[in-house]
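*Asks:* In my numbering, the protein residues as written are 346 to 514.
Don't be surprised by glycine CBs; every beta carbon is placed ideally from N, CA and C.
Handing you a structure now.
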């Protein structure tokens, strides 16, 4: 049973593309449908609906209306509760020293952390110079920030390895 997704924005997706010559219309139409399917996922039906004033795809004039692609959800509830938005934003946690969902190890001073996890004394000194006192503060550190305060790639790698050991990865 097909059900409509409620709301003015979610009832239909309109894809506007320039009209092409009739010989290329079918091929370009399939490409547009694939693009629409890729953007909206596989749980939708796609149908080309013609405007009242546009009776076929063979009209290739410069002022012709492009076809409309109707979109309706397959199955699901009448209210559209099963509709899920895709998270299109990049994952900000990939730049963190400790991913947000990781459980931290025992909180300890930076000096004790460096000794226990075999981190070079220079790395510990640089952390202390920038105000880090305890290992719990690592959860708020981004890798780009370590580069900004002068850490070299090898030092960052060493610190990441120690943190991975500390959180139990």
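Alpha carbon to alpha carbon, how far is residue 501 from residue 493? Give it in angstroms, no decimals.
*Replies:* In the chain shown, counting from the first residue as 1, residue 493 sits at position 148. In the chain shown, counting from the first residue as 1, residue 501 sits at position 156. The straight-line gap from Cα to Cα measures roughly 12 Å.
*Asks:* Taking residue 495 as part of the alpha helix (DSSP H), name the residues at either end of that continuous run.
*Replies:* Counting from 1 along the chain shown, the entry for residue 495 is found at position 150. Residue 495 -> no alpha helix (DSSP H), and no H or E assigned at all.
*Asks:* Apply the 10 Å Cβ neighbour rule to residue 467 and answer buried if 16 or more other Cβ atoms are within range, or exposed otherwise.
*Replies:* Position 122 of the chain shown, counted from the first residue, corresponds to residue 467. Looking at its Cβ environment, which holds fewer than 16 other Cβ atoms inside 10 Å, residue 467 is exposed.
*Asks:* Given a cut-off of 8 Å, decide if residue 443 and residue 477 are closer than it, judged by their beta-carbon atoms.
*Replies:* In the chain shown, counting from the first residue as 1, residue 477 sits at position 132. In the chain shown, counting from the first residue as 1, residue 443 sits at position 98. Going by C-beta atoms, residue 477 is not nearer than 8 Å to residue 443.
*Asks:* With distance defined between alpha-carbon atoms, name the residue in 481, 514, 490, 510 nearest to residue 453.
*Replies:* In the chain shown, the residue the question calls residue 453 occupies position 108. Nearest option by C-alpha distance: 481.
*Asks:* Quick check on the burial criterion: 16 or more other C-beta atoms within 10 angstroms. Buried or exposed for residue 469?
*Replies:* Here residue 469 refers to the residue found at position 124 of the chain shown. It counts as buried.
*Asks:* By Cβ distance, which residues of its chain are closer than 7 Å to residue 472, with the 5 residues on each side in sequence left out?
*Replies:* As a position in the chain shown, residue 472 is number 127, starting the count at 1. Correct list, in chain order: 455.
*Asks:* Keeping to the same chain, check which residues put their C-beta closer than 6 Å to that of residue 450; ignore five residues upstream and five downstream.
*Replies:* Numbered from its first residue, the chain shown carries residue 450 at position 105. Around residue 450: 511, 512.
*Asks:* Let me make sure I understand the geometry here. Which of 445, 483, 487 has the alpha-carbon closest to that of residue 508?
*Replies:* To locate residue 508, count along the chain shown from 1; it is residue 163. When only C-alpha atoms are compared, the closest one is 483.
*Asks:* Would you mind giving the Cβ-Cβ distance between residue 465 and residue 503, rounded to the nearest angstrom? I have them listed as a contact below 8 Å.
*Replies:* By 1-based counting over the chain shown, the position of residue 465 is 120. By 1-based counting over the chain shown, the position of residue 503 is 158. Confirmed, about 6 Å.
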